[in-house]
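According to my numbering, the sequence shown is numbered sequentially starting from 1431.
Virtual Cβ for every residue (Gly too), placed ideally from N, Cα, C.
Since we're looking at a predicted model, the values are computed, not measured.
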Amino acid sequence: RALQLSPHNSEATSKLGIVRATLGDLDSGIELTRQALRINPLDAESHYWLSYALGSIGQLDAAEQTVRKAIDLQPTAEHNYVQLVVIDVLRDNHSAAIATASKMGSTDWADVAVAYARQNAGDPVAAWDAHNKALHQRCEWLTGQNFAALKYSGPGTDLTLGLADGHAWKGGGGVARKSNGEEAPAL
């Protein structure tokens, strides 16, 4: 009914596309979402949903290109990065999926993405290696920044913790002291 009243309403067109795709009519859903993007090419959510639909029919290159446009338009929307993780898993590129998920920071979406990528990894050892590599790179970057302090603030919180001169950030797997074997603490 909304489209009858306002045929150039990109939001209504996109929502109808999402509903149709969800109900199994992917072709109609994809076409309606593309139509919505012709009306409003800056609609990040429509780019995300189009990527989701394209990925579900195996058009992974188009899905990636579309979700990257969503990321350009809305770089803080973490569900877009989760979609990149899903695309990499569908391509059997689990190390790329874990690397993308690891870059998301510490949020619920990042935890979901990392768990999904690891769970679907064909080679769990390689997946852990990629994860540890990403952690080591993050630690090297943090150490290189030579922060003087960490500041935590929020409702009811205003805390500054000074850091020691020459401090080093550590994380990820390493060599166990007693066995000389590899370890990957699950902290």
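Worksheet item: Where Leu1453 and Ser1486 are concerned, what is the direct C-alpha to C-alpha distance, given to the nearest angstrom?
Response: 13 Å
Worksheet item: In the DSSP assignment, what residue or residues form a beta bridge with Asp1588?
Response: Ser1583
Worksheet item: What did DSSP end up calling Ala1616 once you bin it into helix, strand or coil?
Response: Its pLDDT being 46, under 50, Ala1616 is placed unreliably in this model, and the coordinates cannot settle the point.
Worksheet entry | Euclidean distance between Cα positions of Leu1617 and Glu1508 | Its pLDDT being 40, under 50, Leu1617 is placed unreliably in this model, and the value from its coordinates should be taken loosely. For Leu1617 and Glu1508, the distance between alpha carbons rounds to 23 Å.
Worksheet item: Do you know whose CA, among Thr1573, Pro1585 and Thr1590, lies nearest Gln1601's CA?
Response: Rather than Gln, the amino acid found at residue 1601 in this sequence is Gly. Of Thr1573, Pro1585 and Thr1590, the residue nearest in Cα terms is Thr1573.
Worksheet item: Are the Cβ atoms of Ser1481 and Ser1444 separated by less than 7 Å?
Response: no
Fill in: Own chain residues within Cβ distance below 6 Å of Leu1635, not counting five before or after
Outside the shown range of the chain, which is 1431 to 1617, sits residue 1635, and nothing can be said about it.
Discussion item. Quick check on Asn1576: buried or exposed, where buried means 16 or more other Cβ atoms within 10 Å of its Cβ?
Written reply: exposed
Worksheet entry | Segments assigned alpha helix (DSSP H), at least 4 residues, entirely inside the region 1483 to 1510 | 1490 to 1503
Worksheet item: Quick one: what's got a C-beta closer than 7 Å to Phe1598's C-beta in the same chain, skipping five residues either side?
Response: Looking at the sequence shown, residue 1598 is not Phe but Ala. These residues qualify, in order along the chain: Thr1573.
Discussion item. For Lys1533, tell me which candidate among Gly1447, Asn1562 and Ile1469 has the shortest Cα-Cα distance.
Written reply: Asn1562
Discussion item. If you follow the alpha helix (DSSP H) that Asp1457 is in, where does it begin and where does it stop?
Written reply: Leu1456 to Ile1469
Worksheet item: So what does DSSP say about His1597, is it helix, strand or coil?
Response: coil
Practice prompt. Label Ala1594 either buried or exposed according to how many other C-beta atoms from any shown protein chain fall within 10 Å of its C-beta, with 16 as the threshold for buried.
Written response: Burial call: exposed.
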